[in-house]
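Structure first, then comments.
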Amino acid sequence: MVRSVVFLLTLLINAHASFLSQELDLSINPCDDFYLHVCRKAKPEDFAISVKTAFEKKLADEALEIVENLEDPIVNLIVDIVKRNGHKDVESCFWGLNSVGKGLAYGKISNFAVECADWVCNFIVRYSKKNDIRITEKLSEVSNSFVKMMVMEFLEIVDKNGLYRSIDPLVSYPTDVEEPKKLKILNMTKRFAALQYGVEGFKKDLHEELLVSDSFAPYFNLVYSRLLNEKGVYLSRKRQGELVKLYNDVKEAIRVKINNSVIVNEYSRESINRYLNRLTTHVGVPRGFQDQADVERHIRRYQDHLKTFSTHGSCCLEKLAREIHLVRNQLILENNGSRINDLAIRMNFENSIHEHNSYYNGAGTYFLPAYIHPFEEPMSLGIKYGTLAHTMAHELFHGLGLNNPRMHLADLQDTEGYEAAKECYGEYYGSMCTLDKPVKCPNGAYKRDEGFADVEGARIVFSLLKKELKRQRRFLVDVSQIQSEAGYNELQWFFVTMGMMNCRLKTDREMFAEYLEDPHPRPTIRTIATIMQMPEFSEVFGCRKDQNMYYEKLCDAFPQSKKQLKHENKTANFGTKERIVGDTSLHGFRSMMKRAPGKLELGWVLVVAGVWLMVIGYTVIGF
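If you count by mature numbering (1 follows the signal peptide of the UniProt record, and there is no 0), then the sequence shown holds residues -17 to -1, 1 to 606, one letter each, in order.
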């Protein structure tokens, strides 16, 4: 009989808690195949949402209870559009984008942007990995016809007061800009077309889409944040401050490792320290949304602009989304480049601030409200560090990454040690090939930067977790009866919860295809690739060298010693060569998935409870 253990999370909703359960397969030793150990017990008929989605939905579920009955003129317009079926056949509504400049003005194109401030219009090529060597010319004298036409078309629509059209503004643009063969068009999600006016729960369904919609984000970021701020839904300032402290602890640990690295000279050390000192972090709603007077002013501008908007005819929902982005771009130009949403820079569109996301943008690290919302309540230290703290470290390491030239790394990136790390991570992630034939292997040079951030981040955070466990030992609460079958401690749950965030019910080959153009390692190997770079995993789980998850050759971008770390060579058939063609237990997982198609889900079992508790392993820790 297959033994299993149930991973329990209790999430408070008023006085009711929901147990979120995910079974661990104890018939599979975590040292033999960690992915199967954590994810194999997933059953499509029993598991409704993943751990990650459970985190995502915590804010959305609370927010929807509040915004469902929101009275708002733009909501009324959308309701009327749906009532008249103006939201159907969304795919046929992407007309009028033969003009790139107009497409930018309406927030429809993502690979370029035009932003004007101080009488200079910057033409931006987004997603470019080329060196940004720029030239500045008067608009009338711009030699690149593509750039000139785009800026002129953009200003024709956005500059309604003639601030820039009445002069000959300067235009700054990269010297190597070429007209693309294909534009990246931002299309509205097809889920809007599924809305049905008059059915039970229509308003809630509508707000569920609008809450995370990028198409309407410039307006509804304002409206929803105003209401949720008023109702005190967002993470408390106290908890936000504690998360900022955790972020600073992670950043300081990274600084110490870099300062002590044998490949970092004094010049590079000073340069990197200056960079780390400049880095900002923000948790929760972007700062501009805290200025209620400014929020109200912006809301009125959108509402005034749309007073005469007609809901009759086809494609009205698409037309409304374009008008909302037009107002957004007009406001930024009129305010000399400043904006409420300081996350949306170097772009003519906006994303929802209520999506579940965290990211690094070169100037700092951002953790959006939905991402941090589950951390309002007391939580196991293992899960807090295995999820949130690891994400913090991952994003911080993006600024120290392997693929892009950076000023603060200029000297370091020329060193033999740093080049060796690039080669090591590239070869390592390039070896994570599919486990069935025909064998396909990822582009290691493309995957190495995200993999580097995964591994280096996990190492830093695990060391912090060990220190924090020693410091807080007297505060630990024993809940071992609940998890007695697994018997896992906090250090082990750090890895387990990290693995849970990557569970999927698709085959490894399906995930390979899905992530082919994505710089992230595919979920089916992402946690495995991290733990095989960490002797700490083998130590806490007692892995032997003849087991698959035993650590391999270690890649290290910031080595602390010139001596190579010594460890027993791995003898399991999961080495680089064998990983490509060898038979591992993941074959069994792939076969199981073919027999049980669907998505990985986790089931909710409702119970009544008076307290919020997140139970992981032996202990429960408060902040």
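From the three backbone atoms N, C-alpha and C, an ideal C-beta is built for every residue, glycine too.
By the Cβ-count criterion, GLU473 is buried, with 16 or more other Cβ atoms from all chains shown falling within 10 Å of its own Cβ. Annotation for VAL97: the continuous beta strand (DSSP E) segment containing it runs 95 to 100.
Assignment of PHE137 by DSSP, reduced to helix, strand and coil, places it in the helix class.
The C-beta distance from SER93 to LEU169 rounds to 5 Å, short enough to meet the 8 Å contact threshold. For GLU183, the secondary structure class from DSSP, reduced to helix, strand or coil, is coil. A check of alpha carbon separations from VAL438 across VAL97, MET517 and LEU418 identifies MET517 as the nearest. The beta carbon of ILE508 sits closer than 7 Å to those of MET415, all from its chain and outside the five residues before and after it, given in chain order. Taking 8 Å as the cut-off, the beta carbon of GLN455 is found no closer than this to the beta carbon of PHE524. One Cα belongs to LEU211, the other to GLY90, and the distance between them is close to 26 Å.
DSSP places LEU153 within a strand segment (E or B) once states are collapsed to three. In the structure shown, the three-state DSSP call for LEU205 is helix.
Of the residues CYS99, GLU402 and ILE11, the one whose Cα lies closest to the Cα of SER155 is CYS99.
Rounded to the nearest whole angstrom, the C-alpha separation of MET171 and CYS76 is 10 Å. PHE358 sits in a helix when the DSSP states are folded into three classes. Note that the stretch 230 to 245 does not touch the stretch 188 to 208; fewer than 3 beta-carbon pairs, one per stretch, sit closer than 8 Å. Within the same chain, Cβ atoms closer than 7 Å to the Cβ of ALA96 are found at LEU87, ILE107, ARG109, ARG329, MET330 and ASN331, the five residues on either side in sequence being excluded. Looking only at LEU351, ARG431, TYR411 and ALA346, the smallest Cα-Cα distance to HIS391 is reached by ALA346.
Counting only the Cα atoms, GLU48 lies some 18 Å from VAL182. Taking C-beta separations shorter than 6 Å and ignoring five residues to either side along the sequence, the partners of LYS528 in its chain run GLU551, LYS553 and THR554, following chain order.
Taking 8 Å as the cut-off, the beta carbon of ILE514 is found no closer than this to the beta carbon of PHE477. In the DSSP assignment, ARG117 falls outside any alpha helix (DSSP H) and lies within the beta strand (DSSP E) extending over 117 to 121. Taking every protein chain shown into account, the CB of GLY382 has 16 or more other CB atoms within 10 angstroms, so this residue is buried.
Measuring C-alpha to C-alpha distances from ASP44 to each of ASP394, LYS187 and LEU53 identifies LYS187 as the nearest.
HIS339 counts as buried, since at least 16 other C-beta atoms from the protein chains shown sit within 10 angstroms of its C-beta.
A buried status is given to ILE315, since no fewer than 16 other beta-carbon atoms sit within 10 Å of its beta-carbon. In terms of Cβ geometry, TYR412 and LYS430 form a close pair [threshold 8 Å].
Counting only unbroken stretches of 3 or more residues, no beta strand (DSSP E) element lies wholly within the stretch 475 to 534.
Per DSSP, PHE106 is one residue of the beta strand (DSSP E) stretching across 103 to 108.
Pairing ILE282 with VAL206 gives a Cβ-Cβ distance under 8 Å.
For secondary structure counted as the beta strand (DSSP E) over 3 or more consecutive residues, the stretch 329 to 376 holds these complete runs in sequence order: 341 to 343 and 347 to 350. Counting the other CB atoms within 10 Å of its CB gives HIS295 a total below 16, which places it among the exposed residues.
Apart from the 5 residues on each side of it in sequence, VAL141 sits with its Cβ closer than 6 Å to the Cβ of ALA88, ASN312, GLN313 and LEU316 in its chain, given in chain order. For the set LEU303, SER297, CYS298 and GLN530, the Cα lying nearest the Cα of THR291 is the one of LEU303. Annotation: ALA436 to ASP501 spans about 15 Å, alpha carbon to alpha carbon.
Comparing alpha-carbon positions, the option among CYS538, TYR180 and SER126 lying closest to ASN59 turns out to be TYR180. In the structure shown, the three-state DSSP call for ILE168 is strand.
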